[in-house]
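Student:
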Amino acid sequence: SLRFLGHSADEISQIWIGCADRIRQSRGVVVLLTHCEQGFSGNPAMLKAYRNFLESIASDVRYAFTLPRDYFAELAEV
6 SLRFLGHSAD EISQIWIGCA DRIRQSRGVV VLLTHCEQGF SGNPAMLKAY RNFLESIASD
66 VRYAFTLPRD YFAELAEV
């Protein structure tokens, strides 16, 4: 919906990063759902935004990539 609101790919990337940070601060789980259609993420500008988001998250030690089964197994131990 950010595309339909007129945001550029670069703006969308920054919005995603900001949202991920707010979710992280509340100890939530960040999930980014994209669509491969040309009008969504299936174009060079949006693929760049998606890559920027992933690289930002991957380079930040405050985030961890986890499989759902591992996440739920960890919750069960608490």
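Residue numbers (this note's numbering): 6 to 83.
All C-beta atoms, glycine included, are put in the ideal place defined by N, C-alpha and C.
These numbers come from a predicted model, not from an experiment.
Does the separation of the CB atoms of I17 and A54 fall below 8 Å?
Tutor: Result yes, Cβ atoms of I17 and A54 sit closer than 8 Å.
Student: So, using beta-carbon positions, are I20 and L7 closer together than 8 Å?
Tutor: Contact flag set, yes.
Student: In chain order, what residues of the same chain have a beta carbon less than 7 Å from the beta carbon of S46, not counting five sequence neighbours either side?
Tutor: Here the set comprises T39, H40, L52 and Y55.
Student: Which residues bound the alpha helix (DSSP H) around Q43?
Tutor: Per DSSP, Q43 belongs to no alpha helix (DSSP H) and is neither H nor E.
Student: Assign F58 to buried or exposed, taking buried as 16 or more other Cβ atoms, counted over all protein chains shown, within 10 Å of its Cβ.
Tutor: Buried, because 16 or more other Cβ atoms sit within 10 Å of the Cβ of F58.
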